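Asker: Counting in UniProt numbering, the sequence shown runs from 1 upward without gaps. For every residue, glycine included, the Cβ atom is placed at its ideal position computed from N, Cα and C. All values reported here derive from a predicted model rather than from experimental measurement.
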Amino acid sequence: MSRKFSAALAGRWLITALVAGFFALPIAYLVSVSFKTKDDTLSGGFLPSTITFDNWPHAFNSVPLVTFIANSVTSSVLAGILTLAITLPAVYATLRFGVGGKWLPQVALSSYMAPPVVALIPLFYLLKQIGLINSVAGLVLVYGCINVPVAFWLLTPFLRRVPIDIEHAAALDGAGPLRILWSIVLPLVLPGIVATLIIVVILAYNEFLLASTFAFGDATRTLTVGISLFQGDRLVNFGQMAAASLTGIAPVYLIALFMQRHLVSGLAHGGVK
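1) Could you tell me if Thr16 is buried or exposed, where buried requires 16 or more neighbouring beta carbons within 10 angstroms of its beta carbon?
2) How many whole angstroms separate the CB atoms of Ser76 and Tyr205, which I take to be in contact at a CB cut-off of 8 Å?
3) Would you mind listing the alpha helix (DSSP H) stretches within the region 72-113 that are 4+ residues and don't spill past its ends, in chain order?
4) To which residues of the same chain is Ile86 closer than 6 Å at the C-beta, ignoring the five residues directly before and after it?
5) From what residue to what residue does the alpha helix (DSSP H) around Lys128 run?
6) With DSSP run on the structure shown, which of helix, strand or coil describes Val236?
7) Going straight from the alpha carbon of Pro191 to that of Val162, what length do you get?
8) Distance check for Val33 and Ile69, CA to CA, integer angstroms please.
9) Closest to Val117 by C-alpha separation, out of Thr213, Ser62, Leu18, Val236, would be which residue?
10) Less than 7 Å between the beta carbons of Gly226 and Lys36, yes or no?
11) Within the chosen definition, does the region 88-99 reach the region 156-170 through at least 3 CB pairs nearer than 8 Å?
12) Could you tell me if Met113 is buried or exposed, where buried requires 16 or more neighbouring beta carbons within 10 angstroms of its beta carbon?
13) By the 10 Å Cβ neighbour count, where 16 or more other Cβ atoms means buried, how is Phe216 classified, buried or exposed?
14) Using only the alpha-carbon positions, how far apart do Thr74 and Met241 sit?
15) Got a sec, what are the start and stop residues for the alpha helix (DSSP H) Thr213 sits in?
16) Give the secondary structure of Leu42 by DSSP, where H, G and I count as helix, E and B as strand, and everything else as coil.
17) Buried or exposed, going by whether 16 or more other CB atoms sit within 10 Å of the CB of Ile51?
Put into structure tokens, the structure is as follows:
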């Protein structure tokens, strides 16, 4: 029995190592490229033949990388909060008061299926009219709205699982809909709210098309747009791009590391009937 158990345990560890290695391979390759020379990068080898540390300081000196990362973090976090501020009352009103009927959830999610490029021109003129073009505030507004369908889809099962009897009891005590939502429903679905917030923040952090259109100055560019600046007309600074990419994904990995328990817990609560 002990031999079978040891063999099964070793097999599980082997499979886990293979899966982890598969997903870690792109990051490992980025690390390798960040220490390669230009000629060494073009050779196509995995490991650098000659290690150079010049790519890291040059990446920060070539573009205002810290500003780009700060813009990405600020716009994505604030946009995530705005998304939840819009979506949470909308989902509650749909489930409890029948606002929008049965078609609103499908329409909300289907709007996310359209390619973002179709909204570029209308959004550009809208932001220009309200004075938010080429600003972090404009990105917050755009990201906060475009991620509403995803948040709507994620939050719906959490709110559906809240016992309606608790809300009825609170209503009999004189609590209004907003009070019930804030004091009773929100604490009960807090794991789902945290999980949804993490997902929409990451979606906003990784967005490129809208950021490249609405933020075109060094003071307002995000990380994804800033990384594209390392690509010239005839030459791509792969080493500097890799160094900038590794620096930029650090905040996302820190969020995933410290919030992993809340993300898994929230998604698990949403999936349990």
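Answerer: For this structure:
1) Counting C-beta atoms within 10 angstroms of its own C-beta, Thr16 has fewer than 16 neighbours from the protein chains shown and is therefore classed as exposed.
2) So it is a contact: roughly 4 Å between Cβ atoms.
3) Runs of the alpha helix (DSSP H) lying entirely within the region 72-113 and spanning at least 4 residues, in chain order: 103-110.
4) These residues qualify, in order along the chain: Val148.
5) Lys128 -> alpha helix (DSSP H) spans 120-129.
6) Note: Val236 maps to strand in three-state DSSP.
7) For Pro191 and Val162, the distance between alpha carbons rounds to 13 Å.
8) Taking the straight line from one Cα to the other gives about 21 Å.
9) Selection Thr213, Ser62, Leu18, Val236 evaluated against Val117 yields Thr213 as nearest (Cα-Cα).
10) The beta carbons of Gly226 and Lys36 sit no closer together than 7 Å.
11) By the Cβ rule, the region 88-99 counts as touching the region 156-170, because three or more pairs are nearer than 8 Å.
12) Label assigned to Met113: exposed.
13) Answer is exposed; the Cβ neighbour count stays below 16.
14) Going by the C-alpha atoms only, they are around 22 Å apart.
15) Boundaries of the alpha helix (DSSP H) harbouring Thr213: 209-214, taken from the DSSP string.
16) Leu42 sits in a helix when the DSSP states are folded into three classes.
17) Around the CB of Ile51, fewer than 16 other CB atoms lie within 10 Å, so the residue is classed as exposed.
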